């Protein structure tokens, strides 16, 4: 056996640089950035251009359509129209009441040449009515079309609506409530109100006195200011009416 000494231990060197194991760089977490949601673009829609016509403040009322459910004060108002030499068109119960009071009346069915049909559901939905309401005075094309179709102008509508809300309030069944949704009335009101540059829309008996006074003061004419005021009230009336119908239908589970 031969003895072999161990190799000498490495001398500690205090100034030696300590080696640290290599650590790979850690990936940094990116900050959250806000991404705007993609909003779908609505198709570009062009509005209807204004239709040129004559400008007028005072408009002579030569023909008026009077068809109301609430007949409060309608005879007295119609007499004012008659005194101003206004031709009065009317329908159903309104025409009957005016005739009984001695007010000259032309039945709408005679004026349009179309009978009232479907239990009165269709009476005034006719080009001879809405054409006369919506025509722009002084517009050459409109005047030519009126002449070709033999349609006369209508300068005033006196109209209030079927009592839908009252019918609902009485607890009426679905079919009865639906039958008391007015169609022709709101259509005439909106047509007249849209054309308030020339047409006066009388949608509430509370307006009769003010309009009667103006007709007398202006020899049967209405002012633009009054017509605009009446149009605003009319659109408010039809908006409330449609809201009442929608509210009722939703209450029935629709």
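In the numbering used here, the protein residues as written are 191 to 444. For each residue, glycine too, the CB sits at the ideal point set by N, CA and C. Keep in mind the model is a prediction, meaning the values are calculated, not measured.
Just so you know, the alpha carbons of residue 230 and residue 239 end up roughly 27 Å apart.
Relative to the Cα of residue 273, the nearest Cα in the group 338, 397, 310 and 408 belongs to 408. Among the bridge pairs identified by DSSP, residue 296 is matched with 279. Within the region 363-403, the complete alpha helix (DSSP H) segments at least 4 residues long are 364-369 and 374-384, listed from N- to C-terminus.
In this structure, the beta-carbon distance from residue 348 to residue 425 does not fall below 8 Å. For residue 314, the secondary structure class from DSSP, reduced to helix, strand or coil, is coil.
Setting aside the 5 residues that flank it on each side, residue 289 is surrounded in the same chain by 295, each with a C-beta closer than 6 Å to its C-beta; the list follows chain order.
DSSP, read as helix, strand or coil, puts residue 252 in coil. Between the region 387-401 and the region 412-425 there are three or more C-beta pairs closer than 8 Å, enough to call the two in contact. In the structure shown, residue 349 adopts extended strand secondary structure according to DSSP, grouped into three states.
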